[in-house]
Amino acid sequence: MEEVMEEVMEVMEVMEEVMEEVMEEVMEEVMEVMEEVMEVMEEVMEEVMEEVMEEVMEEVMEVMEEVMEEVMEVMEEVMEEVMEEVMEEVMEEVMEVMEEVMEEVMEEVMEEDRSVTASNTAHVRL
Numbered sequence: 003m004e005e006v007m008e009e010v011m012e013v014m015e016v017m018e019e020v021m022e023e024v025m026e027e028v029m030e031e032v033m034e035v036m037e038e039v040m041e042v043m044e045e046v047m048e049e050v051m052e053e054v055m056e057e058v059m060e061e062v063m064e065v066m067e068e069v070m071e072e073v074m075e076v077m078e079e080v081m082e083e084v085m086e087e088v089m090e091e092v093m094e095e096v097m098e099v100m101e102e103v104m105e106e107v108m109e110e111v112m113e114e115d116r117s118v119t120a121s122n123t124a125h126v127r128l
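Printed below as a string of structure tokens:
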């Protein structure tokens, strides 16, 4: 009976050693697989991020283009309005200056006319 117990103990020890070795190998395999999985995930994430960034950049560029078009339209409208206002003001000033010049010319003509008339009258009296 003692011999059987000893053999059973030996078998148990061998089984324990085998189990330890198997567990070690299994753990090594699991770690290798996990490493590979992590590498693949990293690659996939990089590709996904590249695609996402590309799409995001395309959308950003489209939006920027639309915004620039709108900005240009608004600037064009503002410039038209400003030019209209400026032209109105310029025309008003031109009209005022022309009016002043015409008044001055008329005054000079009237003065000359008076002096000519006065001179003629003086001649007639003689």
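For the sequence shown, our numbering assigns the number 3 to the initial residue and increments by one for each residue that follows. The beta carbon of each residue, even a glycine, is placed where N, CA and C say it ideally should be.
query, result
"Neighbourhood of Glu102 by C-beta, 7 Å cutoff - its chain only, sequence neighbours within 5 removed", "none"
"Coarse secondary structure for Met3, derived from DSSP in three states", "coil"
"Length of the line joining the Cα atoms of Glu98 and Met81", "25 Å"
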